[in-house]
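Read the structure below first, then the notes.
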């Protein structure tokens, strides 16, 4: 399976002109990239203006709403993302919980919506500094996964991706150690085996996200055994993202 590189632009850049320039620069820098799947997740407003056709880039949504349509002011549905050309969508990113008080139950609703729209959901799971200091990391991850995947059948998660994102490492410049990342990857597989089966556990790709850069990306793949990375700030620099891709493939 190809390694998956997801570039999460978050609420950047400020203008469409800047977004187009960044996208085209990224496209040019990665035109010869092989053996990897590269997904760009820009702000919703820019999706229809970024042309990923005839390139190695795919489009993804940073989030989605759990209903396809209706009187939900300000929301973007999974069906609308699909129509806009997205193939992937992030679900349960820690910043959705931090700033918008979203719960694992909400993540479950969004997962269902994404799957119904035939998007590939990337379910983000992670631990806070407080949970880590109290030794509750594994309990936290199991709770999140159990609730976010509640009621979902095996055939519904055939395109599922998991992303381990330690909250304390996101945007801090202090990435998780390779050894700890490997431990978390193995534990996430145990969770999937318990919730579903060993076969499912071994088939779901697991990514790492949290202060990923061109200097550490390779170690998360080669040493921690991750099958891809979720890149935040580093994806806003086309050259840095290209360096990350080269390091990973």
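Numbering (this note's numbering), first residue to last: 293 to 541.
Even glycine gets a Cβ: it sits at the ideal position worked out from N, Cα and C.
Residue 321 and residue 330 have their alpha carbons spaced roughly 12 Å apart. The beta carbon of residue 358 sits closer than 6 Å to the beta carbons of 401, 402, 405 from its chain, once the five residues preceding and following it are set aside; these are given in chain order. Per DSSP, residue 504 lies in no beta strand (DSSP E) segment and is marked neither H nor E. Within a 10 Å sphere around the beta-carbon of residue 421 sit fewer than 16 other beta-carbons, which makes this residue exposed. Cβ atoms of residue 356 and residue 386 stay farther apart than 8 Å, at about 16 Å. Excluding sequence positions up to five before and after residue 510, its CB lies within less than 7 Å of the CB of 539, 540, all in the same chain and listed in chain order. Exclusion of the five residues before and after residue 389 leaves 395 as the residues of its chain whose Cβ lies within less than 8 Å of its Cβ.
In this structure, the CA atom of residue 460 is about 9 Å from the CA atom of residue 468.
Per DSSP, the continuous beta strand (DSSP E) segment holding residue 381 begins and ends at 378 to 383. A residue is called buried when at least 16 other Cβ atoms come within 10 angstroms of its Cβ; residue 315 meets this threshold and is buried. With contacts defined by Cβ atoms closer than 9 Å, residue 524 and residue 300 form a contacting pair. DSSP, reduced to helix, strand and coil, places residue 369 within a strand of the structure shown. The alpha helix (DSSP H) runs of length 4 or more contained entirely in the segment 413 to 439 are, from start to end of the chain, 421 to 425. A direct Cα-Cα distance of roughly 10 Å separates residue 479 from residue 493. Between residue 411 and residue 298, the CB-CB gap reaches or exceeds 9 Å.
Within a 10 Å sphere around the beta-carbon of residue 318 sit 16 or more other beta-carbons, which makes this residue buried. Counting of Cβ neighbours within 10 angstroms places residue 453 among the buried residues, the total reaching 16 or more. Taking C-beta separations shorter than 8 Å and ignoring five residues to either side along the sequence, the partners of residue 465 in its chain run 503, following chain order.
Residue environment analysis places residue 500 among the buried positions, since at least 16 neighbouring C-beta atoms fall within 10 angstroms of its C-beta.
In the DSSP assignment, residue 300 forms a beta bridge with 333. Runs of the alpha helix (DSSP H) spanning 4 or more residues and lying entirely within the segment 465 to 534 occur at 470 to 487, 490 to 495, 509 to 514, in chain order. 361 is the residue among 477, 361, 527 whose C-alpha sits nearest the C-alpha of residue 409.
Where residue 344 is concerned, there is no enclosing beta strand (DSSP E), because DSSP gives it neither an H nor an E.
Inter-residue distance for residue 440 and residue 399 is about 5 Å (C-alpha atoms, whole angstroms).
Closest in alpha carbon position to residue 419, among 413, 433, 486, 407, is 433.
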